[in-house]
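Chains as they are written, first to last, in our numbering: chain B, 847 to 1056; chain G, 847 to 1056; chain P, 144 to 476; chain H, 144 to 476.
Heads up, the beta-carbon is just placed ideally off N, CA and C, and yes, glycines get one too.
Model, not experiment: these values are computed from the prediction.
Below: the structure, in structure tokens.
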Amino acid sequence: MSNISAAQFFAWIERYAAHIAEQKDYLTQLDAAIGDADHGANMHRGFQAVLAKKDDLQNSDIGALFKGVAMTLISTVGGASGALYGTFFLQASTMAGTKTELTPGDFASVLEKGLAGIVLRGKAAIGDKTMVDALQPAIKAYKRSIDSGESLEQALSKAVSAAEEGLKSTVPLVARKGRASYLGERSAGHPDPGATSTVLLFRSAAESLT
Amino acid sequence: MSNISAAQFFAWIERYAAHIAEQKDYLTQLDAAIGDADHGANMHRGFQAVLAKKDDLQNSDIGALFKGVAMTLISTVGGASGALYGTFFLQASTMAGTKTELTPGDFASVLEKGLAGIVLRGKAAIGDKTMVDALQPAIKAYKRSIDSGESLEQALSKAVSAAEEGLKSTVPLVARKGRASYLGERSAGHPDPGATSTVLLFRSAAESLT
Amino acid sequence: MKKLINSPENVVLESITGLGAAFSDLIKVHTNPNYIIRADAPVKNKVALVSGGGSGHEPMHGGFVGRGMLDAACPGAVFTSPTPDQMFEATKAVNGGKGVLHIVKNYTGDVMNFEMAADLARAEGIDVEAVVIDDDVAVKDSLYTAGRRGVGTTVLAEKICGAAAESGQALKEVAALCHKVNANGRSMGMALTSCTVPHVGKPTFELPEDEMEIGIGIHGEPGRTRMKLKSADEITEILLTPIIEDLPFKAGDEVLLFVNSMGGTPLLELFVVYRKAHEILTKSGVKVTRSLVGPYITSLEMAGTSVTVLKLDDELTKLWDAPVLTPGLRWGG
Amino acid sequence: MKKLINSPENVVLESITGLGAAFSDLIKVHTNPNYIIRADAPVKNKVALVSGGGSGHEPMHGGFVGRGMLDAACPGAVFTSPTPDQMFEATKAVNGGKGVLHIVKNYTGDVMNFEMAADLARAEGIDVEAVVIDDDVAVKDSLYTAGRRGVGTTVLAEKICGAAAESGQALKEVAALCHKVNANGRSMGMALTSCTVPHVGKPTFELPEDEMEIGIGIHGEPGRTRMKLKSADEITEILLTPIIEDLPFKAGDEVLLFVNSMGGTPLLELFVVYRKAHEILTKSGVKVTRSLVGPYITSLEMAGTSVTVLKLDDELTKLWDAPVLTPGLRWGG
Ligand SMILES: Nc1ncnc2c1ncn2[C@@H]1O[C@H](COP(=O)(O)OP(=O)(O)O)[C@@H](O)[C@H]1O
Ligand SMILES: Nc1ncnc2c1ncn2[C@@H]1O[C@H](COP(=O)(O)OP(=O)(O)O)[C@@H](O)[C@H]1O
Ligand SMILES: [Mg+2]
Ligand SMILES: [Mg+2]
Ligand SMILES: [Mg+2]
Ligand SMILES: [Mg+2]
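As structure tokens, then:
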């Protein structure tokens, strides 16, 4: 099975930035329903700042790339998503280190490290109606697929499906973390904005890492 | 020609209060266009307060009646109209004195005294787009009619027509006094609210003094 | 109409009752007739300052009663001049024997009612002077009309004359000072939205989503002109240019820059306007040495802003800096 | 969207630039990263107070920087928590050697970003404590959720802790005091209209002409419940009842009553609410000994109000009365 290069990871980030740009009004709209109407704007501001560092980032090793993404998100996004996605990439970078390519199995570990960072920072569990509801099943599906010998393409496609399922599962939930939790029962019936942007993260991966 | 009794003058005031109550939204609407949207509310507040003093006023001589109306308007209306209509009735009361009935000729002098008070206080002349544009021609028409031997009914009817003509004449005018003057050219094309309430004053007189 | 009120009839009375309850250490609220006086009124041997006008411009004037500013304020119905008996009673209540200054905004109703009150007070032997504030450059100044409206400079005149009265100046001096402030202050305002007068129940005017009203007064009365909505910087320039040209303000002048909210415009936006106004003045060599930014002379919930520029000298600056202790404005010891 | 701005991207930067220009005697505005510090920062041997949060709540927090209150404020994008580097740089800039207190409103983003900043500052040897304010009774308090939001009590905590820091208290003491204020303050808000976030361009929610949102937050996030519009007195009761029951406040308590405008509600109406709140408290035997009324923690141009009640004791009262000199709050010598 072929490895994933630093250039592909950079393409992933670029692709994600493009998805965010396209979906930013939708993400903000989701956040207006159960949050404070800024998730799209937050993510867009962050990833536009990442793109502005293209010259530095596209020639970096994978650890440096992820660290660059992390620091940029942390210093430009603010809000819950800035801290959380920032932490995700920061932890991912420590796992990727100075490598310039990752095996699909390495990538699973990198994703798991990132997820662990988010959970440590945000203390959300499955069912709290957060990005974790999409992120955790997606990573699990990806790893199981890779571990059972399926192709990277298959694994990423399963990750996307799992993320989408996870996102769908957030709809009926009553939020227990983040701003949406202030709504109590009224948060039910809406998809979680962060879980929605997480689906885009995996969709971007499927579109750029193979 | 028959005289006008204190009771009739009281009926005039009551009638005017009723007209104002009915037209208050319209008067306010006129004031919204070129003023500050309160003329109807101002006049209504004042004449409701006058009605509340009915027990005192309906047994007064004419001077006391007009003075009661004046003081009530002065202390409850505020704004330009409070000072002006208040002054009108205050001056009228000094002319009426302790009489309990007036000849139609006396009434002309009473009206003229009231008008003089308004002019002294407000310094408006014909053509400035104020209540004076209705008041002055109405009083002039009334007096000319009485002086030429016509009946009180005829005189009052001519006063109403003259007031209406005067009101109509305010429409194209650019205001030079009061709030409407701040609008400059933009005040043209609207009838003056105070001239409108003055028409009602004469209409009430025609309906109650004969 | 969405307002936090119980009824249009009671809003003024209930509001001043609340004001009195919140600031019982500074002011006393008298009802029927309605007026607000300093808690320690009358102050012996101090010129007393009385102002007033329609309600709906809060904190003006009731919020400016207290040490170093007004001795009394007379709130009328919303956007309606108070009545002479309010002004007369307030004048008597605060007269400390050194005379009373009436600070009057130039609106026909206010002027006439204050004149009637002054007549009544003088008849009782109280020395009354009246100064009419007319600083609104949106309105053409003319001998043959009601003249300019009194707007933002009123707040500055009340503060500055309040300090002068506190320092012991005589009635004639305080009145002269008030004329001086009026002569050196210029204002202009604009609206993004209409206000709604409680007893009317609907907006005074309709303004399409993409238009604004320039040269608006503080009573929702229409302005000089209506135009397409522009950027904050362009709007600030539109307001400031006629102000600068009118006095005129010129290079080397020191000024107080007062950027006011009409009520519905929040501070976030107000400081965007302030920034540009400061920049324009600075570029023309005018030095901004004092500032006031916030909702001080409002028009109910109207969104919009007004800019006032007051030319300062050492006397005015010192009086501006003097302590003031009112519900709406306070600083100093 | 009708706003006095140039562009949604620049509104925060331009606004704090204006703030800095207007109050250059009190504060210094640093940009990129954005933070506002006292003009005399760092103050040697004084605990420094740093707060921050999304913009759109002005005068909070930037308007509360100055002697007797905050040493620094970090403004995020509108309604978005600031970033750790802003907080970290601000913390370094104001650290006077006696440690730094972070006053954080309880929103996931604010809490996490302040945690990251505290980690960075501690790594540089700066003593940092953080206190999270969570006083909003509209939200159910629970260990299993993000908990209550931080709202009105934040303003009071910043004032009171600022005075304590000024008086020389140590970091641990000021932090304990901040917890005490938080433990004794309760708030609840409501909205008559939605606000419009500049970069969104349309109202965050739609509220029919005859409805209101009860238990609203300060970011236009939906509240506890939506109901038919009621009178000011009824609304005040709806807000105050859960506040009183929650602490609970009881007969004999002395309190500070803070009636806040969400931005678009003018003082005329706010004092109507204050009047009723004062009356309800007084009737329950709770004595209102201090008051604050005005737009202090806002939600852009949203119309509505929030009520905060803080139980006072001699210590809190004395610290509340201590001098404060900031753009948004000033009194005393
Ligand atoms: N404690 C948490 N753990 C994980 N994810 C969270 C947590 N709190 C919030 N989130 C995610 O953050 C998203 C909101 O992000 P965003 O709107 O950008 O920030 P903010 O809530 O500060 O405005 C939510 O939809 C949710 O997915
Ligand atoms: N100087 C004046 N002389 C005569 N009438 C005047 C003068 N100024 C205003 N008016 C009249 O007063 C009317 C407005 O009254 P009103 O709306 O009740 O008071 P305000 O203008 O104080 O709100 C105008 O329509 C006009 O007829
Ligand atoms: Mg959000
Ligand atoms: Mg009017
Ligand atoms: Mg009026
Ligand atoms: Mg946010």
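Decide if residue i is buried, meaning its Cβ has at least 16 other Cβ atoms within 10 Å, or exposed.
i, result
"R861 of chain B", "buried"
"G928 of chain B", "buried"
"E388 of chain P", "exposed"
"E152 of chain H", "exposed"
"E349 of chain P", "exposed"
"P391 of chain P", "exposed"
"D228 of chain P", "buried"
"T432 of chain H", "exposed"
"V467 of chain H", "buried"
"T379 of chain H", "buried"
"G344 of chain P", "exposed"
"N256 of chain P", "buried"
Report, in whole angstroms, the separation of the C-beta atoms of residue i and residue j, which I expect to be a contact under 8 Å.
i, j, result
"L411 of chain H", "V452 of chain H", "Not a contact, Cβ separation roughly 22 Å."
"T918 of chain G", "V896 of chain G", "5 Å"
"N238 of chain P", "D277 of chain P", "Their Cβ separation, rounded to whole angstroms, is 26 Å, which puts N238 of chain P and D277 of chain P out of contact at 8 Å."
"S198 of chain H", "A220 of chain H", "7 Å"
"L413 of chain P", "V398 of chain P", "With 8 Å as the limit, L413 of chain P and V398 of chain P do not qualify as a contact, their Cβ atoms being about 18 Å apart."
"A962 of chain G", "L936 of chain G", "Actually they are not in contact, since the Cβ atoms of A962 of chain G and L936 of chain G sit about 11 Å apart, beyond 8 Å."
"P225 of chain H", "G196 of chain H", "7 Å"
"A394 of chain H", "V429 of chain H", "7 Å"
"L335 of chain P", "K373 of chain H", "28 Å between Cβ atoms; not a contact."
Which same chain residues end up closer than 6 Å to residue i when comparing Cβ atoms and leaving out the 5 residues on each side of it in sequence?
i, result
"K1023 of chain G", "A970, D974 and T976"
"G407 of chain P", "E444, M445 and A446"
"V1017 of chain B", "P1037"
"L957 of chain G", "I985"
Tell me which residues share the same chain as residue i and place their Cβ nearer than 7 Å to its Cβ, disregarding the 5 neighbours each side in the sequence.
i, result
"F953 of chain B", "I850"
"L472 of chain P", "F207, M212 and K302"
"E201 of chain H", "T441"
"S1015 of chain B", "D979"
"S1054 of chain B", "Q854, A857, W858 and R861"
"T296 of chain H", "I276, D278, V324, N325, G328, S330, T451 and L453"
Counting along the chain, where does the beta strand (DSSP E) carrying residue i start and finish?
i, result
"L453 of chain H", "G447 to L455"
"G219 of chain P", "A215 to V221"
"I179 of chain P", "Y178 to R181"
"K430 of chain P", "K430 to G437"
"A191 of chain P", "A191 to S198"
Give every residue of the same chain whose Cβ lies closer than 8 Å to the Cβ of residue i, excluding the five residues on either side of it in the sequence, and list them in chain order.
i, result
"K315 of chain P", "E272"
"R265 of chain P", "V271"
"E1031 of chain B", "V1020"
Could you tell me the boundaries of the alpha helix (DSSP H) in which residue i lies?
i, result
"R367 of chain P", "Where R367 of chain P is concerned, there is no enclosing alpha helix (DSSP H), given that its DSSP letter is neither H nor E."
"I921 of chain B", "For the record, residue 921 of chain B in the displayed sequence is Ser; it is not Ile. Residues I908 to T922."
"I992 of chain G", "V978 to D993"
"S1007 of chain B", "L998 to T1016"
"K315 of chain H", "L314 to N327"
"L903 of chain G", "K900 to L903"
"V280 of chain H", "No alpha helix (DSSP H) holds V280 of chain H; DSSP gives it neither H nor E."
"M355 of chain P", "Counting along the chain, M355 of chain P falls outside any alpha helix (DSSP H), though it belongs to the beta strand (DSSP E) covering E354 to I357."
Check each residue of the region 422-437 of chain H: if its Cβ is closer than 9 Å to any Cβ of chain B, include it; give the result in chain order. Near chain B, meaning a CB-to-CB distance below 9 Å, no residue of the region 422-437 of chain H qualifies.
Looking at chain H, which residues of the region 959-975 of chain B have a Cβ within less than 8 Å of any of its Cβ atoms? If you check each beta-carbon in the region 959-975 of chain B against every beta-carbon of chain H, the ones closer than 8 Å belong to R967 and G968.
Quick one, which residues of the region 921-948 of chain G are near chain P if we go by CB-CB under 9 Å, in chain order? So the close ones are S921, T922, V923, G924, G925, A926, S927, G928, A929, L930, G932 and T933.
Compile a chain-ordered list of the residues in the region 170-193 of chain P whose CB is closer than 9 Å to at least one CB of chain G. Of all residues in the region 170-193 of chain P, P176 have a Cβ within less than 9 Å of some Cβ in chain G.
Just by C-beta distance, which residues in the region 374-388 of chain H are closer than 9 Å to chain P? Taking 9 Å as the Cβ-Cβ cut-off against chain P, the residues of the region 374-388 of chain H that qualify are S374, A375, D376, E377, I378 and T379.
Of the residues that make up the region 219-231 of chain H, which ones have a beta carbon closer than 9 Å to any beta carbon in chain B? Against chain B - using a Cβ distance shorter than 9 Å - the residues of the region 219-231 of chain H are G219, A220, V221, F222, T223, S224, P225, T226, P227, D228 and Q229.
Please identify, using Cβ separations under 8 Å, the residues of the region 285-308 of chain H that lie next to chain P, in order along the chain. From the region 285-308 of chain H, no residue has a Cβ closer than 8 Å to chain P.
Could you please tell me which residues of the region 395-419 of chain P, in chain order, have their CB closer than 7 Å to any CB of chain H? Of all residues in the region 395-419 of chain P, only G406, G407, T408, P409, L410, L411, E412, F414, V415, V416, Y417 and R418 place a beta-carbon less than 7 Å from a beta-carbon of chain H.
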